[in-house]
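The sequence shown begins at 1 in UniProt numbering and counts up by one.
Here the structure is laid out as structure tokens; the discussion comes afterwards.
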Amino acid sequence: MKGLVNFVLRNKLAVWLLTIIITVSGIYSGIRMKTEMIPDISIPYLMVTDVYPGATPERVMKDISMPIEKAAEGLDHVKAVYSNSYSNMASIQVEYEYGIDMDEAKRELKSALDSLKLPEGAQKPTTTAISMNMMPVVALSVSSSKEDIVELTSTVEESLVPKIEKLDGVASATITGQHIDEVDLTYNKAKMAELGLTEDKVKQMIQASNMAVSLGLYQFKEGEQAVAIDGKFMTVDELNNMLIPVTPSAANPSPVVKLGDIAEVKTIGKVQSISRTNGKDAIAIQIVKAQQANTVEVVNKVKKLIKDEKAKYDGLTIDVTLDQGKPIQESVNTMVEKAVFGGLIAVLIILLFLRDFKSTIISIISIPVSILMALLILNWMDITLNIMTLGAVTVAIGRVIDDSIVVVENIYRRLHLKEEKLTGRALVREATIEMFKPIMSSTLVTVA
């Protein structure tokens with residue numbers, strides 16, 4: 001401590017240069033820092049998903065879920081493995097012990113999955129880390145006084161969502177409450193019994209046929225391109241004309257039968273989920289930001305876009321139901337207000353009790369320089385501005401004000417003592433060092 005105080009007292013120019021550097025660097029760091037609602041906490045879970053088109057839940061469990069479970073259970077630091085098997089897909093959650101490197105754990109899990117021999121037709125498993133960044137940063141509710149839910153769905157899916165997804169910093173935009181078209185099949189059970197067919201068998205054939213298959217990359221004159229076969233049904237007629245293999249008989253000598261001959265195929269419209277705002281049917285949009293994106297910037301871009309879009313469509317109402325940018329901005333404003341308010345209080349107290357303008361300047365400078373130094377260090381450590389860091393800086397402002405006043409007051413007190421033998425730099429040095437232990441202990445208590 002003595003060395004630091006001596007350096008400051010003997011090198012005024014260096015101190016001023018250091019103050020200027022910290023000020024400029026702190027302002028630059030504060031502008032560049034990412035802002036988030038909460039810090040990106042590393043959650044010790046990894047999620048594995050795999051698609052197996054046309055497979056029943058039982059087959060998915062046996063051929064996909066169980067092999068992946070065994071592969072994950074053999075890895076280090078794995079605490080538990082949970083799996084859910086559905087028609088056509090499997091979802092496996094791998095829980096790890098707290099405190100491990102999740103990036104390394106993800107690499108080890110992917111390596112273990114790459115060595116698995118899954119059945120033909122199953123896609124390659126995908127591994128995803130569960131993060132706080134997966135939560136939406138802004139949510140919208142879209143309704144209209146001019147369009148019904150079918151027309152509103154078309155507006156949202158074809159116009160609004162694509163524009164949102166093109167914004168810088170937006171990772172995804174998902175919707176709920178939209179209108180969807182579904183196909184309803186009413187089977188002719190008597191006809192199916194004659195042909196030796198069952199509903200489950202026909203459903204499996206439909207699921208197996210309704211899929212797109214990637215054939216990989218092929219070299220063409222124009223260059224290398226991906227080739228895929230899209231076998232998905234696009235119209236009701238295509239579904240009606242689907243050929244179902246059957247065993248030939250006297251009543252039906254053909255080896256195949258059309259789906260339309262054994263079932264009535266019709267399109268029905270339905271709402272996948274229900275979303276309402278202020279008593280009206282609405283479509284909800286949840287927007288997730290990219291991992292490196294700034295929350296406040298993403299939210300502001302989305303707000304600007306919806307403001308422009310509302311002007312284009314008559315009767316369109318877009319309400320913001322979730323805004324994570326607002327509390328962050330309020331926290332930043334609170335920090336600035338506390339700094340300004342604290343500075344004014346410090347000025348008034350020092351002027352009132354010490355009546356010394358130079359001493360007042362010291363306290364005024366210490367507050368913003370301390371904040372800017374904190375922003376510089378936070379940015380260097382790749383820590384974002386969030387509710388926790390902003391709260392910590394706000395609390396620290398109070399400590400800086402207290403410590404500044406205590407040190408200045410002690411110097412001023414000793415300067416006016418009649419029995420004081422020290423003068424000038426020696427007095428300032430000793431008065432400052434004298435308050436080091438009390439200030440350090442009180443600061444540590446606040447930190448604890």
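Virtual Cβ for every residue (Gly too), placed ideally from N, Cα, C.
As the structure is a computational prediction, the values presented were derived from the model and not from experiment.
- Answer yes if the region 183 to 190 comes into contact with the region 311 to 327, meaning at least three C-beta pairs across the two stretches below 8 Å, and no otherwise. no
- Query: Curious, which full-length beta strand (DSSP E) runs of at least 3 residues does the region 118 to 176 contain?
  - Reply: Listed in chain order, the complete beta strand (DSSP E) runs (minimum 3 residues) inside the region 118 to 176 are 126 to 131, 138 to 144 and 170 to 176.
- Enclosing alpha helix (DSSP H) for Q207 [first to last residue]: Where Q207 is concerned, the enclosing alpha helix (DSSP H) stretches over E199 to S209.
- Please confirm whether T35 and T295 have their CB atoms less than 8 Å apart. Going by C-beta atoms, T35 is nearer than 8 Å to T295.
- Could you round the C-beta distance between M37 and I350 to whole angstroms and report it? I think they count as a contact, below 8 Å. Between I350 and M37 the Cβ distance is about 37 Å, and since that is not below 8 Å, they are no contact.
- Message: Please classify T126 as buried or exposed, where buried requires at least 16 neighbouring CB atoms within 10 angstroms.
- Response: exposed
- Which residue comes first and which comes last in the beta strand (DSSP E) that contains D103? Unbroken run through D103 is the alpha helix (DSSP H), M102 to D114; no beta strand (DSSP E).
- So the alpha helix (DSSP H) P67 belongs to, where does it begin and stop? M66 to E73
- Measure the alpha-carbon distance for T49 versus D200 and round it to whole angstroms. Cα to Cα, T49 sits roughly 25 Å from D200.
- Query: In whole angstroms, what is the alpha-carbon distance linking Q93 and A112?
  - Reply: 15 Å
- Query: Which value, in whole angstroms, describes the spacing of the CA atoms of K301 and V170?
  - Reply: 10 Å
- Item | L385: first and last residue of the uninterrupted alpha helix (DSSP H) it sits in | Here L385 belongs to no alpha helix (DSSP H), and DSSP marks it neither H nor E.
- Message: I need the straight-line Cα distance from Y412 to S404, nearest angstrom please.
- Response: 12 Å
- Report the three-state DSSP secondary structure of K289 (helix, strand or coil). It is a strand residue.
- Just curious, the beta strand (DSSP E) that V320 is in, first and last residue? L316 to D323
- Which of helix, strand or coil does DSSP assign to Q329? In the structure shown, the three-state DSSP call for Q329 is helix.
- Taking 8 Å as the threshold, find out whether the region 133 to 144 comes into contact with the region 281 to 296 through three or more Cβ pairs. yes
- When you compare only the Cα positions, how much space is there between K163 and I362? So the alpha carbons of these two residues sit roughly 52 Å apart.
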